[in-house]
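Data first, discussion second: the structure below is written as structure tokens.
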Amino acid sequence: MLQLKNEQPLKPQPRAFRALVFHHAVFFLLLTHHCGGQPQMVSPSQPIVAVVGDDVMLPCHLEPAMDASEMTVEWTRPDLEPRFVHVWRSGVELENKKHPSYMRRTSLSPNRLKHGDISLTLPRVKLSDEGTYKCFVPTISRESTVELVVGAVSSLNIILLRPGNEEGTRAVVLECESKGWYPEPEVLWLDGEGNLLSAGPTETVRGPDDLYTVSSRVTVEKRHSNSFTCRVQQNKTNQARETHIHVPDDFFGAPCSSATQTWIIISLALAFAVIVAVVFVVWRWRQTGNSNKLKPSTTGSLINYTELHTLVDEKGEAVQATTESVEVKDLDKKEENLKVQLNEVEEERRDVVGAVNFLMDHRKDLQDQIYQLGLLLHDVEVQRDEVQSQWREKLNENEHLQTDTEHETVKKDLERKRKDKDAVLKSVICAVNIVTEKKKALDDCKEQINGQLEEIENQRLQSDHSET
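Now the structure itself:
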């Protein structure tokens, strides 16, 4: 084997190798340290939910925390042009780069920026603010996304449209409506115990302002409490509103036709007429002492004032005849007869007083019922006036006319009931007047009999004085 002169075998250089390894290790550690310390953008994974008018904060911060007050921070909405919602650069807000709808509406907190909190504050949120927001820091080339959901809620109104008109039912129809919701809500009906009621389909109208108007109707029957609840809720925003109504018992009355109502009025009037007629027949029978000659009137008509005065005259004539016969007959005998007549009059008077009290109580009951119907009628008119302006904004002309017609139906039903009660009340008042007149006639008769008894007593005293 040939060998070169002075050739030395190659040997490794320990110092150079160690130096090379050291530099590579330092570079790797520095690289690792630099990558491991890169801040990350942290934001919520769930949407931020707000109601129109609320002040909201869109969370976003750097982790680990670091001073971002001198960094560039950009909040944007990709669906807008220009897309910038807020721009922060070197400690200054660049207002001229923002979208017009966010001018002077957004802000970052300088104090929180020093701790890596770059959350965006958005006051008085609007429906148009709903969307996807991006938080971007160019210095570290990191961005994060925040979803904002904006909802709108409103108050509710419940109105009683009309009594149920199905034959044989005892039900009423309720309508619940509310204007100014977003997103689209659902309507639920509950009874007084919180049980869900079966209602018709919800009518939904979306206006030019993107707000929803909802209305729902339900037919309800009389229950333990007669209390019902309308609830409007949004699942997306977890918002809900509800209102309650108590339906008076009178609204659950079984419907009847006009002919049936007319027969009821006639029957009641005849009943009072018969009561009065029977009382007078008994009176006449007792006055004459011969029941076979007197029979109740088959027509059921009420005795008039002329008959009353005739009876008074007859009674007066009988008393006068008794007085004239005093001179012929024994005073004791005549006194006994007058006392019998007085007892009969007092018994008749007690019967009449009972009839008067009965009729007066019934008159008061009817007056109370008429008063309650008047209150219900007033409530219906007030409810119609309160919601009429809302209906004009929401409904088209045909629907508005239909709703007015339904209110008129309820109003006319209440007016008809009140008119029927007035008719019965007039019959009762007439009967009260007649029976009161009868009581007055009996009082006059009693006064005459007492006068005759007093005269007999005077005659007896005079006779005794003459004998002595």
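Mapping of the sequence shown onto mature numbering (1 follows the signal peptide of the UniProt record, and there is no 0): residues -37 to -1, 1 to 431, in sequence order.
A virtual CB, placed ideally from N, CA and C, is assigned to each residue, including glycine.
Item                                                                                                                                                                                                                : Value
Could you give the distance in angstroms between the alpha-carbon of Arg313 and the alpha-carbon of Lys389?                                                                                                         : 24 angstroms
With a CB to CB cut of under 7 angstroms and the five nearest residues on each side skipped, what residues in its chain are close to Asp154?                                                                        : Leu160, Arg186, Phe191
Taking Pro86 as the reference, give the member of Arg68, Gly54, Ser72, Leu43 with the closest Cα.                                                                                                                   : Arg68
Starting from the C-beta of Ile419, find all residues in its chain whose C-beta is less than 8 angstroms away, skip the five residues before and the five after it, and write them out in chain order.              : Val289, Leu294, Lys297, Glu298, Leu301
Apart from the five residues on each side of it in sequence, which residues of its chain come closer than 8 angstroms, Cβ to Cβ, to Glu344?                                                                         : Lys374
Roughly how many angstroms separate the alpha carbons of Pro22 and Leu340, rounded to a whole number?                                                                                                               : 55 angstroms
Alpha carbon to alpha carbon, how far is Arg133 from Arg40? Give it in angstroms, no decimals.                                                                                                                      : 57 angstroms
By alpha-carbon positions, which one of Ile121, Trp152, Glu149, Asn158 ends up nearest to Glu140?                                                                                                                   : Ile121
Counting only runs of 3+ residues fully inside the region 91 to 177, write out the beta strand (DSSP E) ranges in chain order.                                                                                      : 94 to 100, 105 to 114, 120 to 126, 134 to 144, 149 to 154, 166 to 169
Using 8 angstroms as the cut-off, can you tell me whether the region 109 to 121 makes contact with the region 64 to 80, which would need three or more C-beta pairs spanning the two stretches below that distance? : no
So, at 7 angstroms on beta carbons, what are the nonlocal neighbours of Ser53 in its own chain, with the 5 sequence-adjacent residues on each side left out?                                                        : Glu33
Does DSSP put Ala203 in a helix, in a strand, or in coil?                                                                                                                                                           : strand
Please report how far the alpha carbon of Lys403 lies from the alpha carbon of Lys409, in whole angstroms.                                                                                                          : 10 angstroms
Output the boundary residues of the alpha helix (DSSP H) element that contains Leu76.                                                                                                                               : 73 to 76
If I'm right that Asp172 touches Val88 with Cβ under 8 angstroms, what's the distance once you round it to whole angstroms?                                                                                         : Going by Cβ atoms, the distance from Asp172 to Val88 rounds to 15 angstroms, so no, they are not a contact pair.
Does the beta-carbon of Gln304 have 16 or more other beta-carbons within 10 angstroms, so that it is buried, or is it exposed?                                                                                      : buried
To the nearest angstrom, report how far apart Gly143 and Ala31 are at their CA atoms.                                                                                                                               : 41 angstroms
Say yes only if the C-beta of Ile208 is nearer than 6 angstroms to one or more non-hydrogen atoms of the ligand ADP, and no if none qualify.                                                                        : Ligands are entirely absent from the displayed structure, and the ligand ADP is therefore not among its contents.
Give me the Cα-Cα distance between Leu274 and His428, rounded to the nearest whole angstrom.                                                                                                                        : Because Leu274 sits at a pLDDT of 49, beneath the cut-off of 50, its placement in the model cannot be relied upon, and the following sentence gives the value as read from the coordinates. If you take the alpha carbons of Leu274 and His428, they lie about 38 angstroms apart.
Measuring only the C-alpha atoms, how far is Val210 from Lys382?                                                                                                                                                    : 22 angstroms
Within a Cβ cutoff of 6 angstroms, which residues of the same chain sit near Val181, ignoring the five residues on either side of it in sequence?                                                                   : Leu137, Trp152, Leu160, Ala162
Going by C-alpha distance, which of Gly94, Tyr334, Ile208 is nearest Asp42?                                                                                                                                         : Gly94
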